[in-house]
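*Asks:* Please find one structure pasted underneath; my questions will follow.
Numbering (full-length UniProt numbering), first residue to last: 1 to 416.
Below, the structure written as structure tokens:
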């Protein structure tokens, strides 16, 4: 259940294997051995010999099973990734970054390949930090794992000074933006239930809270395009992409980076270009400020508004009266919907077909508007936001169960 915190891990695989191996050793050491001993009762009939033979086979099977389990543990817990890759390895995996390996047509900065048996997505970023610092940060971020975060596999620097980041390629995943606003059929979305949207919202909040608190860094890439949706039907879940990208590329200010040694070494001679997506960038970022946890919370607020309304953060509509295009902000329309009577029901995505609790939709919208406050200190902490959304998800689950259409009722249409 999303409402309950998932199992989160931010430690090396070797620690897991070291803790598990002695346990197996103790289990084997305490197994009684009966080879070569006479029965306490002195029974030498065929029945006992059959029992003795079966016991030996069981011990052999148990030993074989323990060995197989240990081998599986090594395979699962001690992979070759994450690591500092070489540019030559990435070039070979993508066949020199050929168009055939591009993640999307026309994209020259994202590729798909296989790295040491792992399907991977590779992204090119501008490197704005000392390359020697990348290895130290990768050692920390590479061992942070969360069920709602696409795993970081490794990184490599190219001869021209670019940074290539390799991530888990989530099978069958699609960006949230594509599911909310499909180009082929805008009137259809697989996210046609309030419960499914709250589940994705809770996943995204839980993941970003982990990035801030456990990983100790800033995401700075949050948008509906960086939230991957996987699964089918009622089992749709979200995974946050591009974890650690801003940190490894050197986009974060010193007080938001977890690398204390890098703070002392950095001279400030390198310029910092602010990265972001239109509509998700906090006002302080557009004014030239640096990414922070507060700017992440702003982007999350916009994402929550998208899930409620299905609309883009910023869109331009043609006004026939003036003959000009007018800019419409999702934040402004959400504020207007919360202020007028009956406005919320009209503002919520019509594809939900009024099958949603209006009070819950208003509560989520009000929470999102707190996240997009213009003043950064007025925005709430991510842990508080995650707890609020988790509670709304649990309520949505109860609401869905209460109004679920019965499936165990049979209706006869035969004449009496």
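All C-beta atoms, glycine included, are put in the ideal place defined by N, C-alpha and C.
All values derive from a computational prediction rather than experimental measurement.
Kindly indicate which residue of 97, 106, 139, 134 has the alpha-carbon position closest to the one of residue 122.
*Replies:* 97
*Asks:* Residue 482: which of 161, 371, 288 sits nearest, CA to CA?
*Replies:* With the chain covering only 1 through 416, there is no way to say anything about residue 482.
*Asks:* Residue 494 lies in the beta strand (DSSP E); which residues open and close that run?
*Replies:* Missing from the structure shown is residue 494; the chain here goes from 1 to 416 and no further.
*Asks:* By a C-beta neighbour count over all protein chains shown, 10 Å radius and 16 as the cutoff for buried, is residue 368 buried or exposed?
*Replies:* buried
*Asks:* Kindly list the residues whose CB is nearer than 6 Å to the CB of residue 225, restricted to its own chain and excluding five residues on each side of it in sequence; keep chain order.
*Replies:* 175, 177
*Asks:* Taking the alpha helix (DSSP H) that residue 348 falls in, what are its first and last residues?
*Replies:* Looking at the DSSP string, residue 348 is not in any alpha helix (DSSP H), and its letter there is neither H nor E.
*Asks:* Around the C-beta of residue 358, are 16 or more other C-beta atoms found within 10 angstroms, so that it is buried, or is it exposed?
*Replies:* exposed
*Asks:* Cβ of residue 155 within 9 Å of Cβ of residue 138?
*Replies:* yes
*Asks:* CB residue 244 to CB residue 142, shorter than 9 Å?
*Replies:* yes
*Asks:* Rounding to the nearest angstrom, what Cα-Cα distance links residue 115 and residue 91 in this structure?
*Replies:* Each residue's Cα considered, the two are about 11 Å apart.
*Asks:* Mind reading off the beta-carbon distance from residue 330 to residue 314? Whole number of angstroms is fine, and I expect it under 8 Å.
*Replies:* Contact between residue 330 and residue 314 holds: their C-beta atoms lie close to 7 Å from each other, under 8 Å.
*Asks:* Starting from residue 154, trace the alpha helix (DSSP H) in both directions and tell me its first and last residue.
*Replies:* No alpha helix (DSSP H) contains residue 154, which is instead part of the beta strand (DSSP E) from 152-157.
*Asks:* Assign residue 309 to buried or exposed, taking buried as 16 or more other Cβ atoms, counted over all protein chains shown, within 10 Å of its Cβ.
*Replies:* buried
*Asks:* Do you know whose CA, among 295, 189, 232, 197, lies nearest residue 217's CA?
*Replies:* Nearest Cα to residue 217 within the set 295, 189, 232, 197: 295.
*Asks:* Comparing alpha-carbon positions, which option in 293, 306, 159, 316 lies nearest residue 378?
*Replies:* Here the closest residue by C-alpha is 293.
*Asks:* Please identify the residue among 140, 93, 190, 338 whose C-alpha is closest to the C-alpha of residue 236.
*Replies:* The shortest C-alpha separation from residue 236 is found at 190.
*Asks:* Mapping DSSP to helix, strand and coil, what is residue 212?
*Replies:* Residue 212 carries a helical assignment under DSSP once its states are collapsed to helix, strand and coil.
*Asks:* Can you check DSSP and say which residues form a bridge with residue 316?
*Replies:* 327
*Asks:* Please report the residue range of the alpha helix (DSSP H) in which residue 295 lies.
*Replies:* 293-309
*Asks:* Taking 6 Å as the limit between beta carbons, can you name the residues of its chain near residue 326, skipping five residues before and five after?
*Replies:* 317, 319
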